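Q: My structure is below; once you've seen it, I'll send some questions.
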């Protein structure tokens, strides 16, 4: 089974 | 004053139709260089990024005296745009400190002019910086082919594994009731560029993604003959639809990872 990752760790908050 | 006159209202219609189901409300950020829109879905798994450049030919006129943000409910905007004919010219207009966004639809023969105002919203959305990345693999393929693959595979399972290698790209699904696989080879013999499948490969990538989101992205298919998939292992895929004479619409989707 695979888990859905979140986008948050991949992008920088401006 | 902000005023953008788009030659084809059908382009804006297609953009909003492809966004409204995943992204309810969105900020249109308008500046002299054009219009951008960035929005994450409520589960923070998918992000869209739209860029419409002011200096491209799709705008007949473009004026933006100061940077403004137009917060819009995309469902409402879709309803308004349904009032426009596909060949209408659409003008978007707002004041410098706007409460209202005005849509003006001019029919081709200029015999019918319609005007709609919608109230703008205060949308508190976090603006994200998307880092510039050199992707391991970029696949360019016909957009209708990608739509067909996502639609076909979604009948058997929730996630697709995309496997890019030097011969081409494989799409695989494995569900409880069955499995499926579609292999696309690089094409060199096809006459039309938009019918070609090309794979630019620095490193092979094998990565799984939720089909629910990919199928939602393919609502943008009619915007472009081709779609570009940019992949790097363990990072979000970028699904890009170029928009002729305007810019592009990109979707980012976080990968599925091993438990």
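Protein chains in written order, with the working numbering: chain A, 39 to 52; chain B, 482 to 740.
Glycine is no exception: its CB is placed at the ideal position from the N, C-alpha and C atoms.
Keep in mind it's a predicted model, so treat the numbers as computed, not measured.
Thinking just about the alpha-carbon of each residue, which of B:652, B:610, B:639 and B:688 is nearest to the one in residue 735 of chain B?
A: In this structure, B:688 is the residue among B:652, B:610, B:639 and B:688 with its C-alpha nearest to the C-alpha of residue 735 of chain B.
Q: Leaving out five residues on either side along the sequence, give the residues of the same chain with a beta carbon under 6 Å from the beta carbon of residue 483 of chain B.
A: 511, 545, 549 and 575
Q: Whose Cβ in chain A lies nearer than 8 Å to the Cβ of residue 716 of chain B?
A: 48
Q: Should residue 594 of chain B go down as buried or exposed, given a rule of 16 or more other Cβ atoms within 10 Å for buried?
A: exposed
Q: Report buried or exposed for residue 631 of chain B, applying the criterion of at least 16 other Cβ atoms within 10 angstroms of its Cβ.
A: buried
Q: What are the start and end residues of each continuous alpha helix (DSSP H) run of 4 or more residues lying completely inside the region 535-592 of chain B, in chain order?
A: 555-562
Q: At what residue ranges does the region 676-720 of chain B contain a whole run of the beta strand (DSSP E), taking only runs of 3 or more?
A: Counting whole runs of 3 or more residues, the region 676-720 of chain B contains the beta strand (DSSP E) stretches 679-682, 686-691 and 707-712.
Q: Would you list the one or two residues that DSSP bridges to residue 483 of chain B?
A: B:545 and B:575
Q: For the beta strand (DSSP E) containing residue 599 of chain B, name the first residue and the last one.
A: 594-600
Q: What does residue 526 of chain B pair with, by DSSP beta-bridge criteria?
A: Beta-bridge pairing links residue 526 of chain B to no other residue.
Q: With respect to the alpha helix (DSSP H) encompassing residue 727 of chain B, which residues constitute its N-terminal and C-terminal limits?
A: Run containing residue 727 of chain B: none; DSSP gives neither H nor E here.
Q: Taking the straight line between their C-alpha atoms, what separation do you get for residue 696 of chain B and residue 628 of chain B?
A: 7 Å
Q: Using a Cβ-Cβ cut-off of 8 Å, state whether residue 752 of chain B counts as contacting chain A.
A: In the structure as shown, chain B starts at 482 and stops at 740, and residue 752 of chain B therefore has no counterpart that could be examined.
Q: May I have the straight-line CA-CA distance separating residue 514 of chain B from residue 727 of chain B, to the nearest angstrom?
A: 12 Å
Q: Given this structure, state the Cα-to-Cα distance separating residue 531 of chain B from residue 643 of chain B, to the nearest angstrom.
A: Straight-line Cα distance between these residues: approximately 24 Å.
Q: Less than 8 Å between the beta carbons of residue 738 of chain B and residue 52 of chain A, yes or no?
A: no
Q: Just verifying my parser: in three-state terms, what is the DSSP assignment at residue 504 of chain B?
A: coil
Q: According to DSSP, residue 646 of chain B sits in a beta bridge with which residue or residues?
A: B:649
Q: At a Cβ threshold of 8 Å, is residue 735 of chain B touching chain A?
A: yes
Q: When the Cα of residue 551 of chain B is compared with those of B:492, B:723 and B:507, which residue comes out closest?
A: B:507
Q: With 16 as the cutoff for other CB atoms within 10 Å, does residue 731 of chain B come out buried or exposed?
A: buried
Q: Who pairs with residue 741 of chain B in a beta bridge, going by DSSP?
A: Residue 741 of chain B lies beyond the residue range present for chain B, which begins at 482 and ends at 740; the question has no answer from this structure.
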